[in-house]
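Enquirer:
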Amino acid sequence: MISPAWILACQLALTGLAMAAPQLDMGHIQPSFATVSKKFRVVTEDTVILPCEINNLGEYQVVWKRGASILTAGSLKIYPDKRIRLVEGTNLEIRDISTKDAGDYVCQISLLEPITLTHTLEILVPPRIQKVSNNGALDVKKFSTVTLECKASGNPVPTITWSRKNNLLPSGDKSVEGFSITIEQVTRHQAGVYQCMASNGVGQPVLRDIALRVQYAPEIEVERNWVHTGEGFEAQLVCIVHAEPPAEVLWYRDTLRLDTTERMYSESRGSRHTLFIRKVDASDFGNYSCAADNALGKSRQYLELSGRPTQAQFLSSPRGRFRDTYNISFSVDSYTPVEEYKLYFRKLPDNDSLIFSNHLGHGTNERTNHHGIPIIGGYRGAMGVNEWRDVIINVDRKERMSQRVYYLIHGLEAGTEYEAKVQARNRFGWGAVSRGFRFDTRGSEPEMRDLGMTAAAGGGSSIRVSAGQSGLLLAFTLFMFLTVVGAASCGCVAS
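Mapped onto mature numbering (1 follows the signal peptide of the UniProt record, and there is no 0), the consecutive letters of the sequence shown carry residue numbers -20 to -1, 1 to 475.
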């Protein structure tokens, strides 16, 4: 606290300066400022020098003032602050700047009618985050509305920018500005670490994390709901379980809870829960489920472990080479040898004006496989638009794993689009019918044929190639020859 005695000493000093101020000689040049008023923006803890250069000062004295306080008078330091001093004559230096130093500083020449120069000092303060929502950790229920807030101080007033660690914000933006963000109908997909950054151009931006945890009942995804395997192999059934708080996960075969054995055991890594079955036996095939339970609810998902063949994948080009035949090829995976294939095909309408069904089968002769997809007997009669025909392709050379099949469909119409589907059977039953595959036959343009031959196939079917009229490709001839020779015994080639 400044004592009354010290204030009195300052007043006497100023009075003395004023009394000692020389009388202005009309022939003498009056002092003037060589410096202009200025606004200084200084960061806290820095040093600033406020200039006060004077022309023709002569015997006159300079006084620095701040408000009602006298800082210096002439060469005499009046204000008891170690951070303040005169440098290079009449310039005022202030070290270790703090926010309390902000304001106007006046440099005055002590004439009978004093003249003054004023500098304004603005203190720049780096940003500082004072408060975030719930001290940076929020737990909310699923489908609730949550607001994340971030309060910061500094000069200039900081800008608050929101982002999300390793993810986009719920709005889809990488970042947004604002004092707060609100998330409505929150789900587990909005959980994570949100970051509040305060910046004002002074110093470095500052960052605070807010961890948002969403509490919800278990949600289960299966990696594959149909798992293909074979006897003697290892199988893995995988459930991805999301839950907060974490859920207890149990495995079942039909309604029977599974216990850990040397051959069958489960493993959990994060949200991934796996049931391992070593040396699969035929009795292991069937329906399984994973069940998850926490304080907010429970959930269950079903999986099937199967030894039946996979869906066929078509390999042939959709553009046919011939007017009345098409060489279709596809592959099927099966751990157990495939015993037969069933090929369905139908003629499609010329345009989309006809609404047609993907339904396979006719009348009361229809039966379905394990997926509820129809399996039909051979179709008899003329082939109309959308009417399915089926061909049984017997397999003499039975192999395991991936099998590639070629089959030549004949009796087709030129320049026509068809759709085909395939399913395969092994000793465990029929696999699922494949997705539809569209192909077309060649129109009126010349065909690429170079020899005529017919190879008999099992069951009365045939693979036929007819002679053409002109210029023929040897490479195509060799391809068709190898295809026909390999199919001579069964109407197909399995490799």
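Idealized CB from N, CA, C, for every residue including glycine.
Locate the beta strand (DSSP E) running through residue 312, then write down its first and last residues.
Expert: Per DSSP, residue 312 belongs to the beta strand (DSSP E) from 305 to 312.
Enquirer: Measure the CB-CB distance between residue 95 and residue 28 and report whether it falls below 8 angstroms.
Expert: No, they are not a contact pair.
Enquirer: Thinking just about the alpha-carbon of each residue, which of 178, 198, 167 and 411 is nearest to the one in residue 219?
Expert: Of the listed residues, the one whose Cα sits closest to residue 219 is 198.
Enquirer: Can you tell me whether DSSP reads residue 116 as helix, strand or coil?
Expert: Of the three classes helix, strand and coil, the one that applies to residue 116 here is helix, per DSSP.
Enquirer: Three Cβ pairs or more, each shorter than 8 angstroms: is that satisfied between the stretch 248 to 263 and the stretch 219 to 229?
Expert: Touching, yes.
Enquirer: In this structure, how does DSSP classify residue 550 when only helix, strand and coil are distinguished?
Expert: This structure gives no information on residue 550, because the portion of the chain shown stretches from -20 to 475.
Enquirer: Compute the Euclidean distance between the alpha carbons of residue 477 and residue 272, then round it to the nearest angstrom.
Expert: Because the chain in this structure spans residues -20 to 475, residue 477 falls outside the shown range and cannot be described.
Enquirer: Near residue 165, which residues of its chain fall below 6 angstroms by C-beta distance, leaving aside the five closest residues on each side in sequence?
Expert: Hits under 6 angstroms: 123.
Enquirer: In the structure shown, what three-state DSSP assignment does residue 249 receive?
Expert: Residue 249: strand per DSSP, three-state reduction.
Enquirer: Any chance the stretch 106 to 125 sits against the stretch 30 to 50, with 3 or more Cβ pairs inside 8 angstroms?
Expert: Segments in contact, no.
Enquirer: Measure the C-alpha to C-alpha separation of residue 154 and residue 22 and round it to an integer number of angstroms.
Expert: Using only the alpha carbons, I get a separation of about 33 angstroms.
Enquirer: In the DSSP output, what is residue 282 paired with across the bridge?
Expert: Beta-bridge pairing links residue 282 to 269.
Enquirer: Taking only beta-carbon positions, decide if residue 253 is within less than 8 angstroms of chain D.
Expert: In summary, chain D is missing from the structure at hand, where a single protein chain is found.
Enquirer: I need the boundaries of the beta strand (DSSP E) containing residue 418, first residue and last residue.
Expert: Element bounds for residue 418: 417 to 420.
Enquirer: Consult DSSP for residue 61 and reduce its assignment to one of helix, strand or coil.
Expert: If DSSP states are grouped into helix, strand and coil, residue 61 belongs with coil.
Enquirer: Measuring straight from C-alpha to C-alpha, what distance separates residue 130 and residue 162?
Expert: Rounded to whole angstroms, residue 130 to residue 162 spans 12 angstroms at the Cα level.
Enquirer: Where residue 44 and residue 142 are concerned, what is the direct C-alpha to C-alpha distance, given to the nearest angstrom?
Expert: Rounded to the nearest angstrom, the two C-alpha atoms are 46 angstroms apart.
Enquirer: Run through the DSSP bridge pairs and tell me what residue 101 is partnered with.
Expert: Paired residue(s): 20 and 83.
Enquirer: Using DSSP with H/G/I as helix, E/B as strand and the rest coil, what is residue 41?
Expert: Reduced to three states, the DSSP call for residue 41 is coil.
Enquirer: Pull up the distance between the alpha-carbon of residue 352 and that of residue 413, whole angstroms please.
Expert: Bear in mind that the predicted position of residue 352 carries a pLDDT of just 41, short of 50, making it unreliable; the figure below should be weighed with that in mind. Near 10 angstroms, if we compare the C-alpha coordinates of residue 413 and residue 352.
Enquirer: If you draw a straight line from the alpha carbon of residue 421 to that of residue 208, how long is it in whole angstroms?
Expert: Taking the straight line from one Cα to the other gives about 35 angstroms.
Enquirer: In whole angstroms, what is the alpha-carbon distance linking residue 383 and residue 409?
Expert: Cα to Cα, the separation comes out at about 17 angstroms.
Enquirer: Taking residue 78 and residue 108 to be in contact with their CB atoms under 8 angstroms, please state how far apart those CB atoms are, rounded to whole angstroms.
Expert: The Cβ separation is near 14 angstroms, so there is no contact.
Enquirer: Is the beta carbon of residue 146 sitting closer than 8 angstroms to the one on residue 104?
Expert: Going by C-beta atoms, residue 146 is not nearer than 8 angstroms to residue 104.
Enquirer: What is the DSSP secondary structure of residue 110, reduced to helix, strand or coil?
Expert: Three-state result, residue 110: strand.
Enquirer: So is residue 81 buried or exposed if we call it buried at 16+ other beta carbons inside 10 Å?
Expert: Burial call: buried.
Enquirer: According to DSSP, simplified to helix, strand and coil, what is residue 170?
Expert: It is helical.
Enquirer: Considering residue 69, what are the terminal residues of the beta strand (DSSP E) in which it resides?
Expert: Residue 69 -> no beta strand (DSSP E), and no H or E assigned at all.
Enquirer: Is it buried or exposed for residue 159, if we count other Cβ within 10 angstroms and need 16 for buried?
Expert: Exposed, by the Cβ-count rule.
Enquirer: Going by beta carbon distance, what residues of the same chain come within less than 8 angstroms of residue 320, once the five residues before and after it are set aside?
Expert: Only 372, 373, 374, 375, 404 and 405 meet the Cβ criterion.
Enquirer: What's the call for residue 151, buried or exposed, on a 16-neighbour Cβ count within 10 Å?
Expert: Under this definition residue 151 is an exposed residue.
Enquirer: What whole-angstrom Cβ distance do residue 84 and residue 98 have, given they're in contact under 8 angstroms?
Expert: About 5 angstroms separates the two Cβ atoms, so the contact holds.
Enquirer: Report buried or exposed for residue 49, applying the criterion of at least 16 other Cβ atoms within 10 angstroms of its Cβ.
Expert: It is exposed - the Cβ of residue 49 has fewer than 16 other Cβ atoms within 10 Å.
Enquirer: Please return the same chain residues whose Cβ sits closer than 6 angstroms to the Cβ of residue 26, not counting the five positions on each side in sequence.
Expert: 77, listed in sequence order.
Enquirer: Measuring alpha carbon to alpha carbon, tell me which of 241, 305 and 277 ends up nearest residue 222.
Expert: Nearest option by C-alpha distance: 277.
Enquirer: Taking the alpha-carbon positions, what's the residue 144 to residue 137 distance?
Expert: Their backbone Cα atoms lie some 23 angstroms apart in a straight line.
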